[in-house]
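Going by our numbering, the first residue of the sequence shown is number 989, and it counts up by one from there.
Shown next, in structure tokens, is the structure this report addresses.
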Amino acid sequence: MSFLKKLLGAFSPKSSGSQEPRADRMPGILAAIEAAAQPCLRLVGREGGKSCLGGAPNIADAWPRYEGRPLSVVAQLDLEEIAAVGGPNWLPRKGRLLFFYELDYSGWGMGPGDLGCFAVRHEAGSATPEPPPEDLPADGRWPEYPVAFVAAVSNPDPERLNVDLSGLSDREEKALETALVAMGPHEPAHQIGGYPAPIQADSMELECEIVAFGLQHGAGLKPDAARKDELRADTADWRLLLQLDTDNDAGMMWGDTGRIYFWIREQDARAGDFSKAWMILQCY
989 MSFLKKLLGA FSPKSSGSQE PRADRMPGIL AAIEAAAQPC LRLVGREGGK SCLGGAPNIA
1049 DAWPRYEGRP LSVVAQLDLE EIAAVGGPNW LPRKGRLLFF YELDYSGWGM GPGDLGCFAV
1109 RHEAGSATPE PPPEDLPADG RWPEYPVAFV AAVSNPDPER LNVDLSGLSD REEKALETAL
1169 VAMGPHEPAH QIGGYPAPIQ ADSMELECEI VAFGLQHGAG LKPDAARKDE LRADTADWRL
1229 LLQLDTDNDA GMMWGDTGRI YFWIREQDAR AGDFSKAWMI LQCY
């Protein structure tokens, strides 16, 4: 059962016989989603550029490690290529972004102790491709998979807009689910900027803010209600830096056919400080 179906089911009232006819709520719900749409870039498989998933990155600094283990390189994205197709104006326009992840780590971005199991680097100088370290396991290496960037539109999940889904008829539920699938990204849903395509809860900006504040998200220490409201007010600064989907062509899978999401505050991206990025994994 899909997440939307479960969400709708939680709000659907029990049948109580005949009901008065009422207006179809679908047009209003879809109009609210479309009105909140944001631009984004999709990553699609295409040769001829400098950007790729996997491969051997042009890395000038030492290869990042976590607890002695080398991280896997998951993407190398050329910033001039991103800017050329209308990428986010909060990203640098020169150089490249390198994304790394420690595949064997199970913390999945839940708390400050996870810092180091992923890395994002902005490098602007020249460098030659460097193969992964010899002690990186074979299942943590991927051949180079070239990608290009395509301008697109991302729509918010209804949960993000606090859309009232209670009282929808079975017909409306099915129509809404069909419409959301049609409006959503084609898979694999690799993306820069815009709204994430969540698999679980659509509250990743708050998760990032909680962890950046030095608190544990999830099963550990949680902020009290007052502190959580304070943190929620600061979530507007977070931007979706990169969403990577499970991709059979690239040979990548995150958890159980999930996605990884790299986030960064806009002011940190504008300052070129990608050491403050955060990563979250969601899967089925």
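Yeah, the Cβ is synthetic: ideal placement off N, Cα and C, and Gly gets one too.
From a predicted model like this one, the values you see are computed outputs, not experimental measurements.
{"Item": "Proximity to D1066 [Cα-Cα], best of C1105, T1116, P1052 and F1137", "Value": "F1137"}
{"Item": "M1241 versus L1232 - alpha carbon distance", "Value": "9 Å"}
{"Item": "Residues that A1140 bridges to, as DSSP identifies them", "Value": "C1028"}
{"Item": "Terminal residues of the beta strand (DSSP E) in which I1248 lies", "Value": "R1247 to R1253"}
{"Item": "DSSP bridge partner residues for F1087 (one or two, in chain order)", "Value": "A1063 and V1108"}
{"Item": "E1068 versus Q1270: straight-line alpha-carbon distance, rounded", "Value": "30 Å"}
{"Item": "Opposing strand residues paired with R1227 [DSSP bridges]", "Value": "I1252"}
{"Item": "Beta-carbon gap between A1185 and P1176 smaller than 7 Å", "Value": "no"}
{"Item": "Nearest neighbour of G1182, chosen from P1076, P1015, E1022 and A1023 [CA to CA]", "Value": "P1076"}
{"Item": "In DSSP terms, what M1240 is bridged to", "Value": "D1235"}
{"Item": "At least three beta-carbon pairs within less than 8 Å, the stretch 1072-1092 to the stretch 1105-1116", "Value": "yes"}
{"Item": "Residue span of the alpha helix (DSSP H) that contains L1164, given as start and end", "Value": "D1158 to M1171"}
{"Item": "Proximal residues to W1251 (C-beta, below 8 Å), its chain only, five neighbours per side dropped", "Value": "M1192, E1193, C1196, W1226, R1227, L1228, L1229, A1265, W1266, M1267 and I1268"}
{"Item": "Check whether P1134 and C1040 have beta carbons under 7 Å apart", "Value": "yes"}
{"Item": "E1132 versus T1234, T1245, A1025 and E1035, residue with shortest Cα-Cα distance", "Value": "E1035"}
{"Item": "Rounded separation between E1161 and P1052 - CA only", "Value": "47 Å"}
{"Item": "The stretch 1120-1132 / the stretch 1055-1065 touching (three or more Cβ pairs under 8 Å)", "Value": "yes"}
{"Item": "Given 8 Å, three or more beta-carbon pairs between the stretch 1086-1093 and the stretch 1152-1161", "Value": "no"}
{"Item": "Extent of the continuous alpha helix (DSSP H) to which I1198 belongs", "Value": "M1192 to A1200"}
{"Item": "Environment of D1244 [buried if 16+ CB atoms lie within 10 Å]", "Value": "exposed"}
{"Item": "Status (buried if at least 16 other CB within 10 Å, exposed otherwise) for Q1026", "Value": "exposed"}
{"Item": "Minimum C-alpha distance to P1119 - residue among A1044, L1103, G1056 and A1023", "Value": "A1044"}
{"Item": "Reduced DSSP category for R1057 - H, G, I as helix; E, B as strand; rest coil", "Value": "strand"}
{"Item": "Status (buried if at least 16 other CB within 10 Å, exposed otherwise) for T1234", "Value": "buried"}
{"Item": "Boundaries (first-last residue) of the alpha helix (DSSP H) holding L982", "Value": "In the structure as shown, the chain starts at 989 and stops at 1272, and residue 982 therefore has no counterpart that could be examined."}
{"Item": "Beta-carbon proximity check, I1021 vs N1143, cutoff 7 Å", "Value": "yes"}
{"Item": "Local conformation of I1047 per DSSP, three classes", "Value": "coil"}
{"Item": "Y1249, buried or exposed, once every other Cβ within 10 Å from all chains shown has been counted against 16", "Value": "buried"}
{"Item": "Other residues of its chain near A1207: CB distance less than 6 Å, five sequence neighbours each side excluded", "Value": "Summary for A1207: the model assigns pLDDT 44, below 50, so the residue's position carries little reliability, and this model does not support an answer."}
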